[in-house]
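Heads up: the structure comes next, in structure tokens.
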Amino acid sequence: MNGVDVATLHGDALLSMRRRFQLLLQDPYNSIPSHVSIGTTIAEPLRIHRLASGNGLRERVGAVMQEVGLSPDLYDALPVGLSAGQRQRVNIARAMVLEPSVLILDETLSALDQVEQAKLLDLFDDLQRKHGITYLYISHDLAMVRRACARIAVMYLGKIVEIGDNETIFDEPAHPYTRTLLSSVSTVEAKPFLPKDYLLEGEPPDPIHIPEGCSFRSRCPFVIETCRSVEPALSTRAGTSAAACHLGLERLPMPSVMTPGRTGSDLKQMDSL
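Sequence positions in the sequence shown follow the working numbering and run 47 to 319.
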């Protein structure tokens, strides 16, 4: 971070760096202890980092609780009876009490209903405006990703296959896997990528023994011979977007032209037209 290799840090330097990164997990029930008071749970990071004690600690925790939408009166209460959304607010308060630079949200909203998701997304917006936090969302929910993220990286079998700003990824994706994901999103709006055009056959490759060439080649409807032997590198597009595909946006057929089952020779014939 900021040019520092975190893996080389030890002792107090590592502890200081950890303070700047906080993680919000998916499960709102198992991520906080049920037998410990809410205030004690939120205060734990302050004790670990030796940042506050006594009345100062309680005041700091109470202020953060209020900021995330929890009543400070819950300080001495157990989390029993809290809703999933309230429990996630406890997790958010526990992370925010250290005033981090980066929050990593690992499917943090997936266990919540849509109303509570919307409330927490609004809360994240408020916290970002007040504190300048950077969020790193890890999610399978593309509707939430479009709502929340300015820049998006699409991963397949542990590798980034496309990266770009929000509009580029959703409106002009350059990787077949990204298009496949977008084709599965339910929407009332017209969309260019339909499920019938991106039906994937077979199972994903073994992530331990990824095949030679492009890792998506065994399921890609647009595979050409090069894909079978050469792993594509991330190639920069306009601006700061990039995709790992041998075809590139210019040669990647639109759904009306290309359908699953076509071969590389079919693609070459289209290229010559």
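Even for Gly, the Cβ is constructed at its ideal location relative to N, Cα and C. The model shown is predicted, which means the values in this text are computed figures rather than measured ones.
- Assignment of residue 127 by DSSP, reduced to helix, strand and coil, places it in the coil class.
- The beta carbon of residue 201 sits closer than 8 angstroms to those of 207, all from its chain and outside the five residues before and after it, given in chain order.
- Residue burial annotation: residue 137 is buried, with at least 16 other C-beta atoms found within 10 angstroms of its C-beta.
- Beta-bridge annotation (DSSP): residue 208 is paired with 200 and 289.
- Under DSSP, residue 174 forms no beta bridge with any residue.
- Secondary structure of residue 68 (DSSP, three-state): strand.
- Partner residues in the beta bridge of residue 152, as assigned by DSSP, are 184.
- Within the DSSP secondary-structure output, residue 281 pairs in a beta bridge with 289.
- Only residues of its own chain outside the window of five on either side were considered, and among them 206 and 209 have a CB closer than 6 angstroms to the CB of residue 199, listed in chain order.
- Between the alpha carbons of residue 122 and residue 149 lies a gap of roughly 26 angstroms.
- Contact check for residue 80 and residue 71: beta-carbon distance about 15 angstroms, past the 8 angstroms limit, so the pair fails to qualify.
- In this structure residue 224 is in contact with residue 215, their Cβ atoms being roughly 7 angstroms apart against a cut-off of 8 angstroms.
- Annotation: the continuous alpha helix (DSSP H) that includes residue 226 extends over 222-229.
- Residue 182 and residue 151 have their C-alpha atoms spaced approximately 6 angstroms apart.
- Counting only the Cα atoms, residue 64 lies some 29 angstroms from residue 164.
- Inclusion of residue 294 and residue 189 in the CB contact set at 8 angstroms is not warranted, their separation being larger than that value.
- Burial is judged here by how many other beta carbons sit within 10 angstroms of a residue's own beta carbon; residue 110 has at least 16 and is buried.
- Across the structure, residue 289 and residue 222 are spaced so that their CA atoms are roughly 10 angstroms apart.
- The Cβ atoms of residue 260 and residue 278 sit closer than 8 angstroms to each other.
- Counted as a single uninterrupted DSSP element, the stretch harbouring residue 254 is not any alpha helix (DSSP H), since DSSP gives it neither H nor E.
- About 4 angstroms separates the Cβ atoms of residue 229 and residue 244, confirming a contact at the 8 angstroms cut-off.
- Cβ-Cβ distances below 6 angstroms link residue 120 to 84 in the same chain, with the five nearest sequence neighbours on each side left out; the list follows chain order.
- The beta carbon of residue 68 lies closer than 6 angstroms to those of 141, 146 and 149 in the same chain, with the five residues before and after it left out.
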